[in-house]
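**Q**
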Amino acid sequence: MNQERYSRQILFKHIGAEGQQQINHKHALIIGMGALGTHLAEGLVRAGIGKLTIVDRDYIEFSNLQRQTLFTEQDALKMMPKVVAAKTHLMDIRNDVDIDAYIEHVDYYFLDTHIHDVDVILDATDNFETRQLINDVAYKYHIPWIYGGVVQSTYIEATFIPGQTPCFNCLVPQLPVLNLTCDTVGVIQPAVTMTTSLQLRDALKILTQQQIDTKITYGDIWDGTHHSFGFSRMQRPTCQTCGENPSFPYLQTGEQSYATLCGRDTVQYENKAITHDMLIQFLNEHQLNYRSNQYMVMFEFKGHRIVAFEGGRFLIHGLNRVTDATHLMNLLFG
Ligand SMILES: [Zn+2]
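Residues 1 to 334 (the UniProt record's numbering) are what the sequence shown spells out, left to right.
1) Helix or strand or just coil, what does DSSP make of F248?
2) Throw me the rounded Cβ distance for the Q209 and V187 pair, which I believe falls under 8 Å.
3) Inspect the beta-carbon positions of I161 and I115 and report whether they are closer than 8 Å.
4) Would you tell me roughly how many angstroms separate the C-alpha atoms of Y250 and Q189, rounded to the nearest one?
5) To the nearest angstrom, report how far apart E270 and V307 are at their CA atoms.
6) Which runs of the alpha helix (DSSP H), 4 residues or longer, sit entirely within the stretch 49-123?
7) Along the alpha helix (DSSP H) that carries V322, what are the first and last residues, could you check?
8) Alpha carbon to alpha carbon, how far is A124 from A35?
9) Do L204 and I15 have their CB atoms nearer than 8 Å?
10) Only counting the same chain, and skipping five residues up and downstream in sequence, which positions put a Cβ closer than 7 Å to that of H226?
11) Any heavy atom of ligand 1 inside 7 Å of the beta-carbon of P237?
12) DSSP three-state label for E4, please.
13) Could you have a look at Y295 and say whether DSSP puts it in helix, strand or coil?
14) List the whole-angstrom C-beta distance separating L70 from E42, where the pair is believed to meet the contact cut-off of C-beta under 8 Å.
15) Is it the case that the Cβ atoms of I212 and D223 are separated by a distance below 8 Å?
16) According to the neighbour-count rule (16 or more other Cβ atoms, all chains shown, within 10 Å of its Cβ), is K302 buried or exposed?
17) Taking the continuous alpha helix (DSSP H) assigned at K140, which residues delimit it?
18) Going by C-alpha distance, which of P173, L29, D107 and I206 is nearest V118?
19) Measure how close the beta-carbons of residue 419 and I316 come, nearest whole angstrom, since I'm counting them as under 8 Å.
20) Between T214 and ligand 1, is the CB less than 7 Å from at least one heavy atom?
21) Would you kindly check if the distance between the Cβ of A273 and the Cβ of G312 is under 8 Å?
22) Less than 8 Å between the C-beta atoms of H105 and Q268, yes or no?
23) Using 7 Å as the cut-off, classify the Cβ of P166 as near or not near the heavy atoms of ligand 1, replying yes or no.
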C-alpha cells in the first residue's frame with residue numbers, strides 16, 4: 001500500500017506510522033448510505049481503511065444530491081442503488097480498498113452474517129429500530145459502535161464500547177429529543193458534516209486502539225450551540241443489552257415481512273415468492289408501464305410509485321401504513 005498519500009495523517013502525532021498501519025488493516029461496517037453514510041465512507045476510504053462493508057436498501061433520487069456527497073445527477077437519472085454508486089465512486093477515490101456492498105434491508109440476519117470480522121460499526125441510519133438492533137448485536141459480539149444522528153441543523157454523536165461503556169439503551173431516556181425526521185423538517189449539509197466529523201474522529205481512535213471519552217455530544221450548527229455530557233455512570237443494572245443478565249431483546253423479534261421507511265411516505269414490503277421475472281411478466285400481461293435497470297423495476301399502480309428489488313423487496317411510495325401496503329400488494333399479486 002502506497003503510504004505517501006497518507007503522509008499528512010502519519011505526521012499527525014496521535015496517529016503516526018503505526019496508527020496508519022492499523023487503519024490500513026481494519027474493517028469497518030457502515031449501516032446506511034445516505035447523508036451520514038456517504039460522508040463516513042469517503043472519510044474512511046481516504047484515511048486508508050483496509051476493508052469497508054456498506055449496506056443500504058434504497059436508490060438515489062434527486063432530493064438526495066444536496067447532502068449525499070458521493071452521488072451525481074447521473075446516479076439519480078439511472079436510479080442507481082446507493083451502495084452500488086457509492087462503491088463505484090469510492091473505488092475512483094482509492095482503488096486498493098476492499099469494499100463489500102449490499103443492497104439489503106438491515107435486520108438481525110444480515111448483521112449476524114456480516115459482523116464477525118468487523119472492527120467498528122458506524123450508524124448512518126435514520127431510525128431508532130435499526131439502532132436498537134445494532135446496539136444489541138454490538139454488545140452480543142463485543143464490537144464498538146458509533147451512533148450518529150442529524151436533523152434540521154442539529155447533530156448528535158456517541159460511541160458505545162461493549163465491556164467499557166453503558167449501551168445505547170441505557171442512554172435513551174437521557175437523549176435530547178430528536179424524533180423528527182429529515183423528510184418532514186429538512187436537514188442542512190453543515191449539520192451532516194458536524195455529525196460525521198465526530199463519528200470519524202471516534203472511528204480513527206477505535207481503529208488505532210486509543211482511549212475514547214464516554215460522552216455524548218450534541219448541538220445546533222445554525223444556532224452555534226455545542227454540548228456534551230459524560231455517560232459512564234448511566235448504566236442500568238437491569239439493562240437487557242448491557243446489564244447483568246442480557247437477553248438482547250431486539251434480536252428476538254424474528255423475521256418481519258414488512259417495515260415502514262422513516263417519515264418518507266414509503267412502506268417497504270417483502271415477499272420472497274415474487275421474483276423479478278414473475279414481476280416483469282405480470283407487468284407485461286397487465287400492460288403496466290415500467291422502467292428498469294439491472295437492480296430494480298419501477299412502475300406505477302393506483303397512483304403509487306413502486307420500486308421492486310431482487311429478493312422480493314418492494315418500496316411503495318405514497319403510503320404511511322403497512323396495512324395499506326399489504327392491501328395494495330394483494331390487489332396486485334393476490
Ligand atoms: Zn445498557
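Idealized CB from N, CA, C, for every residue including glycine.
**A** This is what the structure holds:
1) Mapped onto the sequence shown, residue 248 falls at position 248. Correct three-state label for F248: coil.
2) Translated into the one-based positions of the sequence shown, residue 209 becomes position 209. Translated into the one-based positions of the sequence shown, residue 187 becomes position 187. About 33 Å separates the two Cβ atoms, so there is no contact after all.
3) Taking the first residue of the sequence shown as 1, we reach residue 161 at position 161. Taking the first residue of the sequence shown as 1, we reach residue 115 at position 115. The criterion of a C-beta distance shorter than 8 Å is not satisfied by I161 and I115.
4) For the purposes of this step, residue 250 is taken as the residue at position 250 of the sequence shown. For the purposes of this step, residue 189 is taken as the residue at position 189 of the sequence shown. Cα atoms of Y250 and Q189: separation of roughly 32 Å, rounded to the nearest angstrom.
5) To locate residue 270, count along the sequence shown from 1; it is residue 270. To locate residue 307, count along the sequence shown from 1; it is residue 307. Going from the Cα of E270 to the Cα of V307 covers about 12 Å.
6) Runs of the alpha helix (DSSP H) inside the stretch 49-123: 73-77, 82-93 and 108-114.
7) Along the sequence shown, read from residue 1 onward, the residue named residue 322 stands at position 322. For V322, the uninterrupted alpha helix (DSSP H) run begins and ends at V322 to F333, by DSSP.
8) Looking up residue 124 in the sequence shown gives position 124. Looking up residue 35 in the sequence shown gives position 35. Roughly 8 Å between the two C-alpha positions.
9) Counted from its first residue, the sequence shown places residue 204 at position 204. Counted from its first residue, the sequence shown places residue 15 at position 15. Cβ distance < 8 Å, so L204 and I15 count as in contact.
10) Within the sequence shown, the letter at position 226 stands for residue 226. Result list for H226: G219, in chain order.
11) Numbered from its first residue, the sequence shown carries residue 237 at position 237. For ligand 1, not one heavy atom lies less than 7 Å from the Cβ of P237.
12) Residue 4 sits at position 4 when you count from the first residue of the sequence shown. Here E4 carries a helix assignment [DSSP, helix/strand/coil].
13) The sequence position of residue 295 within the sequence shown is 295, counting from 1. In this structure, Y295 counts as coil in the three-state DSSP scheme.
14) The residue you call residue 70 lines up with position 70 of the sequence shown. The residue you call residue 42 lines up with position 42 of the sequence shown. For a cut-off of 8 Å, the C-beta gap from L70 to E42 is around 6 Å, short enough to register as a contact.
15) Looking up residue 212 in the sequence shown gives position 212. Looking up residue 223 in the sequence shown gives position 223. In this structure, D223 does not lie closer than 8 Å to I212 by Cβ.
16) Position 302 of the sequence shown holds residue 302. Taking all protein chains shown into account, K302 has fewer than 16 neighbouring C-beta atoms within 10 Å of its C-beta and is therefore exposed.
17) Residue mapping note: residue 140 aligns to position 140 of the sequence shown, counting from 1. For K140, the enclosing alpha helix (DSSP H) stretches over residues F128 to Y141.
18) One-based indexing of the sequence shown puts residue 118 at position 118. Answer by Cα proximity: L29.
19) Residue 419 is absent from the model: the chain starts at 1 and stops at 334.
20) Within the sequence shown, residue 214 is the residue found at index 214, counting from 1. Checking every heavy atom of ligand 1 against the Cβ of T214, none is found closer than 7 Å.
21) Here residue 312 is taken as the residue at index 312 of the sequence shown, counted from 1. Here residue 273 is taken as the residue at index 273 of the sequence shown, counted from 1. Closer than 8 Å, so yes.
22) Position 105 of the sequence shown, counted from the first residue, corresponds to residue 105. Position 268 of the sequence shown, counted from the first residue, corresponds to residue 268. Cβ atoms of H105 and Q268: closer than 8 Å.
23) Residue 166 sits at position 166 when you count from the first residue of the sequence shown. Checking every heavy atom of ligand 1 against the Cβ of P166, one is found closer than 7 Å.
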